[in-house]
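Asks: A single structure is presented below for examination.
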Amino acid sequence: MSASGAPIRVVVAKVGLDGHDRGAKVVARALRDAGMEVVYTGLHNSPEQVVATALAEDADAIGLSILSGAHMTLFPRVLKLLDENDARDIVVFGGGIIPDGDAAQLREAGVAQIFGPGASTQVIAEWVRGHVPSPDQGRPAAV
Numbered sequence: 128m129s130a131s132g133a134p135i136r137v138v139v140a141k142v143g144l145d146g147h148d149r150g151a152k153v154v155a156r157a158l159r160d161a162g163m164e165v166v167y168t169g170l171h172n173s174p175e176q177v178v179a180t181a182l183a184e185d186a187d188a189i190g191l192s193i194l195s196g197a198h199m200t201l202f203p204r205v206l207k208l209l210d211e212n213d214a215r216d217i218v219v220f221g222g223g224i225i226p227d228g229d230a231a232q233l234r235e236a237g238v239a240q241i242f243g244p245g246a247s248t249q250v251i252a253e254w255v256r257g258h259v260p261s262p263d264q265g266r267p268a269a270v
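Residue 270 is where the sequence shown ends in my numbering, and the numbering goes up by one at each step.
What follows is the structure, encoded as structure tokens:
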């Protein structure tokens, strides 16, 4: 929670056909336990659904979990949709089984951080708190 009490809002999403959601659920719970407001979208979301949810929820960040190997398609699509909706102030981060070279390319494309297998939930929550501004730190609050 920020100094004024406004929680960081994070949409945690499983994008594409991947059916393994345990890691996403663990991260969602850890972020919630760290004082953030979390919306977990469930399985099999399209990038369009994820961005629509983030916009509707006035999210400060989107956390994507991708284990299907489609990360080089799905992350850029989410970034493009955020651009098209003038919402690039929403921080995009993610995790999954993503090769280091691909993770570097995704960061160059605008993904703020990629967490690999074994990343601790404490490290993820601390990173979000340190890199995602809450509504009172630069994002307008929902009206």
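Virtual Cβ for every residue (Gly too), placed ideally from N, Cα, C.
Taking C-beta to C-beta, are Val205 and Val178 nearer than 8 angstroms?
Replies: Their beta carbons are under 8 angstroms apart, which means Val205 touches Val178 by this criterion.
Asks: Indicate whether Gly150 and Ser195 have their beta-carbon atoms separated by less than 8 angstroms.
Replies: Contact: no.
Asks: Would DSSP call Gly223 helix, strand or coil?
Replies: Residue state, collapsed to three classes: strand.
Asks: The alpha helix (DSSP H) that contains Glu175, what's its start and end?
Replies: Its alpha helix (DSSP H) spans residues Pro174 to Ala183.
Asks: Mind checking who Leu116 pairs with in its DSSP beta bridge?
Replies: Outside the displayed span of the chain (128 to 270) sits residue 116, for which this structure offers no information.
Asks: Using the Cα positions of Gly162 and Thr248, report the straight-line distance between them to the nearest angstrom.
Replies: Near 13 angstroms, if we compare the C-alpha coordinates of Thr248 and Gly162.
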